[in-house]
Every structure is written in C-alpha cells, then in structure tokens.
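**Q** Every position in the sequence shown, counted from 1, becomes a number in the working numbering once 279 is added.
First, the structure itself, so that you have it in front of you.
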Amino acid sequence: MTNQQMPDLFYGERIRELETALTPLKKKRSRFGWLRLVLILGFIVSLWYTIVSGLLILVALSAVLLAAFLFFVAADLNNDKKIKNTEELIRINEEEQSYQHHEFHSFPDGARFQPAVHDYAGDLDIFGKASLYQYINRTSSEQGQATLAAWLLSPAKAEELPGRQEAIRELAEKTIWRQQLQADGRKDRITNHTEKKITDWLRENENPVTHPSWAWLRYLLPALSMGSVLFYSFDAIGAPLFSALIFFFFVFSLYTSKLVMPSYRQLNKIANEVDTLSGSIAGVEKENFQSPFLQIRQSVFRQPQGTASKTLRSLKKIIDRLDYRLNPIVFIPLNTLVFWDIQQAFALEKWKKENKEPIKGWFSTLAEFESLASLGTLYFNHPAWVFPEWVDGDGILISEGLGHPLIDRNKRKTSDFSTNGPGKISLITGSNMAGKSTFLRSVGVNIVLAMAGAPVCARHLKLSHLKVISSMRVSDNLEESTSTFYAELKKLKYIIGAVNRKEKVILLLDEILRGTNSADRHAGSTALIRQLIRQDAVALVATHDLELAKMEDQYREHIDNYHFDVQVEGEELYFDYTLKKGVCQSMNASLLMKKIGIDL
Numbered sequence: 280m281t282n283q284q285m286p287d288l289f290y291g292e293r294i295r296e297l298e299t300a301l302t303p304l305k306k307k308r309s310r311f312g313w314l315r316l317v318l319i320l321g322f323i324v325s326l327w328y329t330i331v332s333g334l335l336i337l338v339a340l341s342a343v344l345l346a347a348f349l350f351f352v353a354a355d356l357n358n359d360k361k362i363k364n365t366e367e368l369i370r371i372n373e374e375e376q377s378y379q380h381h382e383f384h385s386f387p388d389g390a391r392f393q394p395a396v397h398d399y400a401g402d403l404d405i406f407g408k409a410s411l412y413q414y415i416n417r418t419s420s421e422q423g424q425a426t427l428a429a430w431l432l433s434p435a436k437a438e439e440l441p442g443r444q445e446a447i448r449e450l451a452e453k454t455i456w457r458q459q460l461q462a463d464g465r466k467d468r469i470t471n472h473t474e475k476k477i478t479d480w481l482r483e484n485e486n487p488v489t490h491p492s493w494a495w496l497r498y499l500l501p502a503l504s505m506g507s508v509l510f511y512s513f514d515a516i517g518a519p520l521f522s523a524l525i526f527f528f529f530v531f532s533l534y535t536s537k538l539v540m541p542s543y544r545q546l547n548k549i550a551n552e553v554d555t556l557s558g559s560i561a562g563v564e565k566e567n568f569q570s571p572f573l574q575i576r577q578s579v580f581r582q583p584q585g586t587a588s589k590t591l592r593s594l595k596k597i598i599d600r601l602d603y604r605l606n607p608i609v610f611i612p613l614n615t616l617v618f619w620d621i622q623q624a625f626a627l628e629k630w631k632k633e634n635k636e637p638i639k640g641w642f643s644t645l646a647e648f649e650s651l652a653s654l655g656t657l658y659f660n661h662p663a664w665v666f667p668e669w670v671d672g673d674g675i676l677i678s679e680g681l682g683h684p685l686i687d688r689n690k691r692k693t694s695d696f697s698t699n700g701p702g703k704i705s706l707i708t709g710s711n712m713a714g715k716s717t718f719l720r721s722v723g724v725n726i727v728l729a730m731a732g733a734p735v736c737a738r739h740l741k742l743s744h745l746k747v748i749s750s751m752r753v754s755d756n757l758e759e760s761t762s763t764f765y766a767e768l769k770k771l772k773y774i775i776g777a778v779n780r781k782e783k784v785i786l787l788l789d790e791i792l793r794g795t796n797s798a799d800r801h802a803g804s805t806a807l808i809r810q811l812i813r814q815d816a817v818a819l820v821a822t823h824d825l826e827l828a829k830m831e832d833q834y835r836e837h838i839d840n841y842h843f844d845v846q847v848e849g850e851e852l853y854f855d856y857t858l859k860k861g862v863c864q865s866m867n868a869s870l871l872m873k874k875i876g877i878d879l
C-alpha cells in the first residue's frame with residue numbers, strides 16, 4: 280500500500296462508519312415521532328376527561344403525559360442535531376474522496392481575495408477556479424477564509440514558521456477533530472457580518488433600561504406586580520384596583536420592551552451564528568494539543584469567568600429568552616408579572632461588561648485554527664510531501680523531486696533544482712509547451728506554501744526565508760490605457776526597486792520584454808540580467824532566446840543554464856517535461872505552426 284492510498288482508504292472507511300451510525304439515529308427519529316403523537320393524543324384525552332369528571336388523579340396523569348411529551352420533543356431535537364452532524368461529516372468525507380481523484384472544484388475558490396496588483400498571486404494561480412486556494416481551503420467561516428488567503432499572499436515571519444509547521448504536523452494526525460471543526464462551522468456559517476453585529480453591539484452605549492436609576496425598579500416592579508396578584512388571590516384588594524394595577528404593569532412592561540428592542544433586533548439576527556461560534560470554539564477548547572503553538576492559541580479561549588464557548592452559550596441563552604416575545608401567550612403574562620425584558624437587558628449588560636475585550640480575539644483565533652486545520656488536511660492528503668528545512672542565508676533553494684501541487688499526481692512530473700545564494704541566475708530555455716512556465720510556477724507555488732508553514736510538493740526542500748516576485752502573465756489595461764509592453768515595464772521597475780532595496784526575494788521571469796521587437800528584447804533582457812547579477816539577485820528566467828544562454832560563458836559563477844527538451848519523430852512531438860542541465864538544442868515552433876495550417 281502506498282502512502283497516497285492511505286487517505287483514500289481512510290475516507291472510505293470513515294463514510295461506512297458514519298453511515299452505520301446514521302441508521303439507528305434515523306430509526307430513533309421515527310420512533311420519537313410516533314411517541315410524541317401518542318403522548319399528545321393521550322394528554323388531550325386525559326385533559327378532556329379531567330374537565331368532564333373533575334378527578335384529581337387525571338390532573339396528575341395529564342401533567343405526566345405533558346412532561347413526557349416535552350421530554351421527547353427535547354430528545355428528538357437533540358437526535359436531529361446528531362443526524363445533521365453525521366450527514367455533514369459524510370459529505371465532508373465524500374468531498375475528500377473526490378479530492379483524492381483530483382476533483383476539488385466544490386470548495387470555495389477565494390476569487391474575491393485576488394488583489395488587482397500583487398507580487399505573484401495572478402501569475403501563480405493563487406485564487407480562482409482550480410487555484411491553490413481552492414485546492415487547500417477547508418475553512419468554514421469568512422474570517423477563516425480571509426486568514427488563509429492572507430497566509431498565501433504574504434510570507435510568515437521566519438520565527439513563526441517552525442511553530443506553524445509543528446502545529447500542522449500535529450493537526451494532520453487529528454483528522455476526526457479537523458472534520459468535526461469543519462462540520463461545526465458549516466451549521467450556520469460565521470461571517471464578517473456576525474462579527475460586526477456583535478462588535479457594534481459591544482460599542483453601543485448602555486441601554487436606558489439598565490441605567491443605575493433602574494436597578495431598584497428591576498426588583499420593585501416584579502414585587503409589586505406579583506404582590507398585587509397575591510393580594511387579589513386572598514381578597515385583600517378588589518377587582519377594580521387589581522385590574523387597574525395589572526393594566527398599569529402591562530403598559531409599563533410594553534414601554535420597557537420598546538427600549539430593549541434595538542439590542543434584540545441586532546442580536547437576534549446572529550443568534551444561530553453565535554451558536555455555531557460557541558460550538559466551534561468548544562471543539563478547540565476540549566482538544567488536547569501538544570504543540571506550544573496550538574496551546575498558546577487555545578489559551579485565548581480560557582477566561583477567568585469561564586471558557587469562551589460557555590460564555591457564548593450564556594449569550595445565546597439570553598437571546599433565546601428574549602425570543603419569548605414571539606409567543607404572546609407566554610410573553611405577555613411573563614413580561615407583565617416579572618418584567619422579563621428588564622431582567623434580560625440587565626443580563627445582556629452584565630455579559631457585555633465581562634466580555635467586551637476577550638471576544639475581540641475569539642474570531643481571529645478560531646480563524647487561525649481553521650486555516651491550520653486546512654493545511655493539516657493538505658498534509659494528511661499528501662503524506663509523501665515534506666516540510667522544508669530552513670537554512671540561514673539569502674536566496675537558497677535546494678530541491679529534489681519538486682513538482683506542481685495542482686497537477687494530478689498521476690500526471691505530475693518532478694525535477695531536481697537548486698539555486699544556492701545571492702547573484703544566481705538560472706536561465707531556462709526550451710521548446711514551446713515543453714514545461715518552462717509550469718516549472719517556474721512549481722517553484723513559486725511551493726515557496727508560497729513553504730512560507731505559509733505548509734508542506735510542499737517535493738521529496739526534499741531546503742530553503743532560506745524569501746519572497747516570490749514574478750513577471751509571467753502580463754496584459755494590457757484598457758481602463759488605464761496601458762499596453763502589454765508598458766504593463767511589463769511597470770512590473771520590471773517594481774522588481775528592480777525590490778532588488779535595489781536588497782529585499783530577500785526570488786524572481787520568476789517568463790519571456791522578458793515579450794511585447795517588443797527581437798533586437799530590443801534581447802538587448803533589454805541582457806541588460807536586466809547583468810543588473811540583477813550586480814545587485815546579487817536570485818532569479819529564474821525562462822526564455823526562447825538561446826543567445827541569452829551564451830551569457831554563462833561570461834558569468835560562470837552567476838549563471839546556470841537549464842532546459843526542457845522535446846523529441847520530434849516525423850510530425851509528432853514528445854515531451855518528457857523533465858528539467859535538464861545545459862541549453863536546449865531542439866525547438867518546435869515551426870512544426871507547431873505547420874500543424875495548424877501555416878505554410879512554411
């Protein structure tokens with residue numbers, strides 16, 4: 280059995296386990312349905328006989344039947360949650376099974392995170408359909424999606440990378456936990472809107488109902504209201520006075536409810552997301568992590584007043600109690616007698632004061648766990664991949680078996696490649712469609728993964744801390760009246776600036792100055808390469824210009840020639856997509872032009 284077969288077998292076995300667990304849950308749901316029907320019919324019959332006969336024993340029986348009905352309603356709700364969770368876990372494992380066959384287009388592609396201008400995102404297919412982001416993203420919340428996107432857009436600090444790697448290794452072994460985190464997050468997805476609503480509510484001024492001058496009314500009004508009922512029950516006050524008092528308390532309770540409504544409206548819209556947030560955080564709190572990197576982040580959810588999940592559950596309970604207003608038969612008597620909304624307003628204000636600061640970090644920390652879990656899933660799905668070894672120095676990349684992560688493993692070709700230190704230029708020549716651009720992207724995408732703390736598609740990789748800057752896909756911009764050639768010049772100006780500032784970058788340049796004539800293109804490319812050497816830059820340059828390869832004779836310590844070859848047999852072309860040392864000796868443009876009907 281190969282390493283790569285292990286995930287596929289795991290997902291298949293997991294689906295079978297979950298489907299086995301789902302069967303009794305569905306049977307239980309059916310039984311609960313019949314039990315509820317029998318109990319409610321029994322309650323109705325018992326209540327009718329109680330009214331007709333007046334027997335006290337039937338009152339007790341009615342109460343027992345009603346209590347049993349409510350118990351099974353609650354049990355059915357709990358069972359239904361288990362069914363939905365199990366079904367979601369089955370979907371997750373089915374998605375991962377498809378992923379093993381290179382079908383990953385059901386995952387969010389992150390196109391909204393694509394910057395208009397970026398060092399490498401557009402060239403390396405970081406976002407969009409069939410992108411790196413879509414390949415690795417398993418986040419559920421919008422905050423998690425944004426965090427993962429940020430990690431792919433900017434290298435992590437050098438001191439943070441070993442911690443991320445250790446955390447991802449650990450999470451790769453916690454597949455059941457990762458999938459449950461994913462399933463919890465999918466119930467009612469946490470959005471930026473959720474966070475904004477809570478943040479806006481936390482910033483609001485104190486509700487008028489909870490002003491200190493109301494504190495004594497919180498207890499006095501229910502005492503007076505309940506007292507009037509008690510006095511009336513013992514004939515201490517007459518019906519007219521009692522009616523007047525109850526009417527007053529009813530009207531006053533409506534006034535207090537009006538004051539509470541703005542907070543209720545704001546929080547009620549995100550009640551389900553608060554429940555999701557609580558459940559997701561609870562999963563993080565309960566897990567036993569060994570990595571200090573994970574333990575530090577887990578500690579964010581532990582507060583003096585209790586865990587974050589417990590605190591959020593208490594907020595959800597307050598919102599649920601405010602929901603009683605949706606049932607007037609229950610709410611009107613409750614609010615009139617105990618001033619229900621005032622009590623909940625004070626509970627909300629107390630919650631706000633205790634959790635105003637801690638909650639700010641809960642969203643971002645959960646987002647970080649989701650992103651780490653995504654990269655843990657990537658490692659679990661690709662056990663043959665490796666984590667890079669970090670080395671001191673500038674511009675160091677030593678790889679064996681380096682391949683493009685987004686190419687199906689059954690079709691992927693790998694290469695050994697090294698560039699060791701500043702001032703190294705790797706010139707890559709080759710035929711059309713031989714694999715030059717794909718190789719540049721292989722290098723770039725793997726560096727992006729490495730700088731996010733993720734495993735890379737290679738047998739071995741040593742790397743110094745660096746950032747990718749690429750110039751591969753250059754297009755015109757009608758809105759800015761920018762031609763393709765000028766757009767490339769702007770990118771090259773940016774690259775020269777980064778090199779002059781001695782930034783730790785690796786350059787990926789594909790067909791420099793393609794938008795001009797051959798003579799100017801050669802002269803410009805030669806001048807740029809010389810300038811990069813003078814500035815100790817590190818670059819991979821793919822080109823069809825074989826004359827550039829002759830620069831190795833002049834700069835033997837700085838320039839290395841590589842190529843991708845093509846074999847021509849008759850009218851057919853055969854590519855092996857393997858990087859080789861030296862200069863390309865065979866070109867295929869003429870044959871390709873003939874194939875499409877151009878007479879040469």
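Even for Gly, the Cβ is constructed at its ideal location relative to N, Cα and C.
Owing to the predicted nature of the structure, the values given are computational and were not obtained by experimental measurement.
1) Measuring CA to CA, which of GLY672, ARG691 and LYS360 is closest to TYR856?
2) Output the boundary residues of the beta strand (DSSP E) element that contains GLU679.
3) Applying the criterion that 16 or more other CB atoms from any shown protein chain within 10 Å of the CB defines a buried residue, is LYS631 buried or exposed?
4) Is LYS361 helix, strand or coil when you go by DSSP?
5) Identify whether ALA821 lies in helix, strand or coil by the three-state DSSP scheme.
6) For PHE843, which of helix, strand or coil comes out of DSSP?
7) Tell me which residues share the same chain as PHE572 and place their Cβ nearer than 8 Å to its Cβ, disregarding the 5 neighbours each side in the sequence.
8) List the endpoints of the continuous alpha helix (DSSP H) containing LYS770.
9) For LEU681 and ILE405, I'd like the C-alpha separation in whole angstroms.
10) Can you tell me the Cα-Cα spacing of PRO286 and PRO434, whole angstroms?
11) Between GLN864 and ALA462, what straight-line distance do the alpha-carbon atoms span, to the nearest angstrom?
12) What runs of the beta strand (DSSP E), each 3 residues or longer, lie entirely inside the segment 486-565?
13) Taking DSSP as the reference, what is the three-state secondary structure of SER797?
14) In terms of alpha-carbon separation, which member of SER653, PRO612, LYS537 and ARG448 lies closest to GLN569?
15) Out of curiosity, what's the CA-to-CA distance linking ASN358 and PHE311?
16) Locate the beta strand (DSSP E) running through ASN276, then write down its first and last residues.
17) Pull up the distance between the alpha-carbon of LEU858 and that of PHE843, whole angstroms please.
18) Where does LEU870 sit, in a helix, a strand or coil, going by DSSP?
19) Considering only their Cβ atoms, is the gap separating SER653 from ARG295 smaller than 8 Å?
20) Short check: CB of VAL735 to CB of TRP669, under 8 Å?
21) What is the DSSP secondary structure of PHE854, counted as helix, strand or coil?
22) How about GLU367 and ARG465: are their beta carbons less than 8 Å apart?
23) Answer yes or no: do TRP480 and LEU556 have a C-beta to C-beta separation smaller than 8 Å?
24) Can you tell me whether PHE513 is buried or exposed, with buried defined as 16 or more other CB within 10 angstroms of its CB?
25) Can you find the residues in the same chain that come closer than 6 Å, C-beta to C-beta, to LEU854, ignoring five residues on each side of it along the sequence?
26) For LEU676 and LEU742, which I take to be in contact (beta-carbon distance under 8 Å), what is that distance rounded to the nearest angstrom?
27) Got a sec? Which residues, its chain only, sit under 8 Å from ARG581 by beta carbon, not counting five neighbours each side?
28) Roughly how many whole angstroms lie between the Cα atoms of ILE838 and LEU460?
29) Can you tell me the Cα-Cα spacing of ALA523 and GLY321, whole angstroms?
30) Here's the rule: buried if 16 or more other CB atoms are within 10 angstroms of the residue's CB, otherwise exposed. What is MET277?
31) In this structure, what does DSSP give as the bridge partners for HIS739?
32) Please classify ARG482: is it buried, with 16 or more other beta-carbons within 10 angstroms of its beta-carbon, or exposed?
33) Since I believe LYS703 is in contact with LEU745 (beta carbons under 8 Å), could you give me their beta-carbon distance rounded to a whole number of angstroms?
34) Report, in whole angstroms, the separation of the C-beta atoms of VAL579 and THR708, which I expect to be a contact under 8 Å.
35) With DSSP run on the structure shown, which of helix, strand or coil describes LYS859?
36) Rounded to whole angstroms, what is the Cα-Cα separation between GLU647 and SER420?
**A** So, from the data block:
1) ARG691
2) 675-681
3) buried
4) helix
5) strand
6) strand
7) GLY442, ARG443, GLU445 and ALA446
8) 763-779
9) 18 Å
10) 29 Å
11) 54 Å
12) none
13) helix
14) ARG448
15) 9 Å
16) In the structure as shown, the chain starts at 280 and stops at 879, and residue 276 therefore has no counterpart that could be examined.
17) 5 Å
18) Note on LEU870: pLDDT 49, under 50, position unreliable in the model; the coordinate value appears next. In this structure, LEU870 counts as helix in the three-state DSSP scheme.
19) no
20) no
21) strand
22) yes
23) no
24) exposed
25) Per the sequence shown, the amino acid found at residue 854 is Phe instead of Leu. Excluding residues within five positions, the ones whose Cβ falls inside 6 Å are ALA713 and VAL845.
26) 6 Å
27) GLU564 and ALA587
28) 49 Å
29) 40 Å
30) This structure leaves residue 277 out entirely; the chain is present only between 280 and 879.
31) GLU679
32) exposed
33) With a Cβ gap of about 12 Å, LEU745 and LYS703 do not count as contacting.
34) Their Cβ separation, rounded to whole angstroms, is 52 Å, which puts VAL579 and THR708 out of contact at 8 Å.
35) strand
36) 11 Å
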